[in-house]
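In what follows, a structure is listed as structure tokens, so that the remarks can point back to it.
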Amino acid sequence: YFLLKSLSFLDFCYSSTVVPQTLVNFLAKRKVISYRGCVAQLFFYAGFATSECYLLAAMAYDRYAAICKPLLYPVIVSPEVCASLIVGSYSAGFLNSLIHTSCIFSLKFCGAHVVTHFFCDGPPILSLSCVDTSLCEILLFIFAGFNLLSCTLTILVSYLLILITILRMNSVQGRVKAFSTCATHLTAVCLFYGTTLFM
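To get the numbering used here, take the position in the sequence shown, counting from 1, and add 135.
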């Protein structure tokens with residue numbers, strides 16, 4: 136349950152970085168966010184989003200260990216390993232966020248500072264820059280691509296191994312129990328990546 140608690144906390148933080156300012160903007164006639172507020176919003180939004188990506192991958196590994204190696208599960212996913220997975224998820228998430236935010240806000244901005252988006256996200260802010268952003272865009276693409284690819288591959292490989300293990304089970308009841316064990320995590324993965332596709 137430690138990973139689920141961490142996922143719940145991340146979801147709460149992830150939402151809390153964007154929703155308050157968005158609600159203020161819906162109610163106010165003049166929609167304004169300060170420069171520092173925009174930096175903070177982008178930093179925490181990117182940090183929590185990337186951390187959640189890595190945490191979902193860690194949870195897929197946890198499901199793999201529980202179903203494919205049930206007798207070794209307490210050793211493979213000990214409390215220390217679980218804590219390391221969570222710390223690693225947060226570290227990777229906020230390292231990515233630091234690179235993302237510092238790259239974007241090291242650019243020079245001039246002219247109108249109107250973000251045509253409901254929160255401070257990377258691409259709308261990059262469009263406000265009056266200097267060449269191609270190097271920054273390439274750097275962000277590489278880091279985002281690496282994060283997305285590594286997390287997605289971890290999840291896919293874990294579930295491929297889980298599926299192979301489930302199909303080898305003789306008991307129908309065992310198969311149903313194994314599938315139900317994975318159902319909540321698969322739902323969380325689909326919701327996270329599904330909404331990410333539309334952003």
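Just so you know, even glycine gets a beta-carbon here, dropped at the ideal spot from N, CA and C.
The alpha carbon of isoleucine 202 has as its nearest neighbour, out of Tyr328, Leu326, Gly309, the alpha carbon of Gly309. Along the length of the segment 236–281, whole alpha helix (DSSP H) runs at least 4 residues long occupy 257–261, reported in chain order. Your pair leucine 138 and aspartate 256 does not check out as a contact, with CB atoms roughly 27 Å apart and the cut at 8 Å.
In this structure, the beta-carbon distance from threonine 289 to alanine 227 does not fall below 8 Å. The beta strand (DSSP E) runs of length 3 or more contained entirely in the segment 177–234 do not exist; there are none. Residue range 307–332 is occupied by the alpha helix (DSSP H) that includes alanine 313. Cβ-Cβ distances below 8 Å link valine 324 to Leu191, Ala195, Ile290 in the same chain, with the five nearest sequence neighbours on each side left out; the list follows chain order.
By the 16-neighbour rule on beta-carbons within 10 angstroms, alanine 200 is buried.
For the pair threonine 236 and valine 174, the CB atoms are nearer than the 8 Å cut-off. About 4 Å separates the beta carbons of tyrosine 189 and serine 224, which is inside the 8 Å limit, making them a contact pair. With 16 or more other Cβ atoms from the protein chains shown falling within 10 Å of its own Cβ, phenylalanine 229 counts as buried.
Going by C-alpha positions, proline 205 is about 54 Å away from lysine 243. Annotation for valine 153: the continuous alpha helix (DSSP H) segment containing it runs 137–162. Beyond the five residues adjoining it in sequence on each side, cysteine 148 comes within less than 8 Å, by CB distance, of Phe179, Phe183 in the same chain, given in chain order. Around the beta-carbon of alanine 318, fewer than 16 other beta-carbon atoms lie within 10 Å, marking it exposed. The Cβ-Cβ distance between arginine 165 and serine 293 does not fall below 8 Å.
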